[in-house]
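Residue numbers (our numbering): 12 to 187.
Backbone N, C-alpha and C fix where the C-beta goes; we use that ideal spot for every residue, glycine too.
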């Protein structure tokens, strides 16, 4: 099936890996010999390893197993924070750069986690990133999604991401 080919084409700028006996040799250096596969001859059976095959949708969707990808709300939150952030305030050191959460009730710095996009902005963003096939099959529009988000806003203790998830699932979007 495969054959070993020794690469003998070297320019004067190429560096050969150190020999195994040298003190700088390591397993990270590749050998100049590299395996290749020959094309199958006519009538030769080509064996394929099933465990190496990708699922048909695995390369297309960031959430394998789901027909539709879930919208990434972090981008919308960051855009909202950038628009509403007071340039005179310092961003809390606990929230940047790692995305942590400040638990100091007396902290006077700006907290990105407290910036929540409006229902209208959320509906516009989500309806733009949800696949068109889903929108067409369910009647999801920006206005209908905005109304659903507004209705869910009244629920106590339901955080932003959860409201968006519930609103989408109310239209039949597959759960995460």
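Look up residue i in the DSSP assignment and give the residues it is bridged to.
| i | result |
| --- | --- |
| residue 102 | 121 |
Which same chain residues end up closer than 8 angstroms to residue i when comparing Cβ atoms and leaving out the 5 residues on each side of it in sequence?
| i | result |
| --- | --- |
| residue 112 | 105, 106 and 124 |
| residue 164 | 130 and 174 |
| residue 146 | 138 and 152 |
| residue 89 | 123 |
| residue 188 | With the chain covering only 12 through 187, there is no way to say anything about residue 188. |
What residue does the alpha helix (DSSP H) around residue i start on, and which one ends it?
| i | result |
| --- | --- |
| residue 162 | 153-164 |
| residue 150 | Per DSSP, residue 150 belongs to no alpha helix (DSSP H) and is neither H nor E. |
| residue 167 | Careful: residue 167 lies outside any alpha helix (DSSP H) and carries neither H nor E. |
| residue 79 | No alpha helix (DSSP H) contains residue 79, which DSSP labels as neither H nor E. |
| residue 131 | 130-140 |
Mind reading off the beta-carbon distance from residue i to residue j? Whole number of angstroms is fine, and I expect it under 8 angstroms.
| i | j | result |
| --- | --- | --- |
| residue 120 | residue 91 | 17 angstroms between Cβ atoms; not a contact. |
| residue 128 | residue 87 | 5 angstroms |
| residue 154 | residue 84 | Not a contact, Cβ separation roughly 20 angstroms. |
| residue 186 | residue 79 | Not quite, the Cβ-Cβ distance comes to about 11 angstroms (not below 8 angstroms), so this is no contact. |
Excluding the 5 residues preceding and the 5 following residue i in the sequence, name in chain order all residues of the same chain whose CB lies nearer than 6 angstroms to its CB.
| i | result |
| --- | --- |
| residue 168 | none |
| residue 95 | 126 |
| residue 32 | Because the pLDDT of residue 32 is 46, which lies under 50, any placement of that residue in the model is unreliable, and the number read from its coordinates should be weighed accordingly. Closer than 6 angstroms at Cβ, skipping near neighbours: no residue. |
Below 7 angstroms CB to CB, which residues in the same chain sit around residue i once its five sequence neighbours on both sides are set aside?
| i | result |
| --- | --- |
| residue 140 | 82 |
| residue 178 | 156, 159, 160 and 163 |
| residue 133 | 87, 160 and 175 |
Is there at least one non-hydrogen atom of the ligand HEM closer than 6 angstroms to the beta-carbon of residue i?
| i | result |
| --- | --- |
| residue 120 | Looking at this structure, you won't find the ligand HEM or any other ligand, since it has none at all. |
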